[in-house]
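Participant: Residues in the sequence shown are numbered from 1 upward in steps of one, following the UniProt record's numbering.
By construction, the Cβ of each residue, glycine as well, lies at the ideal position given by its N, Cα and C atoms.
As the structure is a computational prediction, the values presented were derived from the model and not from experiment.
Sharing a structure, written as structure tokens. Questions coming.
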Amino acid sequence: MSALDPRRRKITAREAAEQVGCTPRHIRSVVAEPRHEFLARAAERQRKAADWKDEGLTYREIAERLDCTPKAAENLVLRGRKARKVTA
Numbered sequence: 001m002s003a004l005d006p007r008r009r010k011i012t013a014r015e016a017a018e019q020v021g022c023t024p025r026h027i028r029s030v031v032a033e034p035r036h037e038f039l040a041r042a043a044e045r046q047r048k049a050a051d052w053k054d055e056g057l058t059y060r061e062i063a064e065r066l067d068c069t070p071k072a073a074e075n076l077v078l079r080g081r082k083a084r085k086v087t088a
């Protein structure tokens, strides 16, 4: 299971490590999403949130589209707008 798959894992990293004979840290590194992919996905969510807010959507509507809380949507909008200023 990867970080892109939001379902909860059935066992912990410690339990998996015991089953295969390695460290929990190794298990976490194997199943983790690569950092560059995570950052690209995060930037895209922030850009979408900022665009939708500029189109007049409420934080609640943005949150529904992104499957997050309205407060998280607000933070995504702020980060998306900040990123625009840096690249402009």
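Under three-state DSSP, which class holds Leu78?
Facilitator: Counting from one through the sequence shown, the residue named residue 78 turns up at place 78. If DSSP states are grouped into helix, strand and coil, Leu78 belongs with the helices.
Participant: Should Val77 go down as buried or exposed, given a rule of 16 or more other Cβ atoms within 10 Å for buried?
Facilitator: Sequence index remark: in the sequence shown, residue 77 carries index 77 (1-based). Val77 is buried by the Cβ-count criterion.
Participant: Taking only the alpha-carbon atoms, compute the straight-line gap between Gly80 and Arg28 and give it to the nearest angstrom.
Facilitator: Here residue 80 is taken as the residue at index 80 of the sequence shown, counted from 1. Here residue 28 is taken as the residue at index 28 of the sequence shown, counted from 1. Roughly 29 Å separates the two Cα atoms.
Participant: Using the Cα positions of Glu15 and Phe38, report the straight-line distance between them to the nearest angstrom.
Facilitator: In the sequence shown, residue 15 corresponds to position 15, counting from 1. In the sequence shown, residue 38 corresponds to position 38, counting from 1. When rounded, the distance between both Cα atoms is 25 Å.
Participant: Rounded to the nearest angstrom, what separates His26 and Arg65 at their Cα positions?
Facilitator: Locating residue 26 in the sequence shown gives position 26, where the first residue counts as 1. Locating residue 65 in the sequence shown gives position 65, where the first residue counts as 1. About 34 Å.
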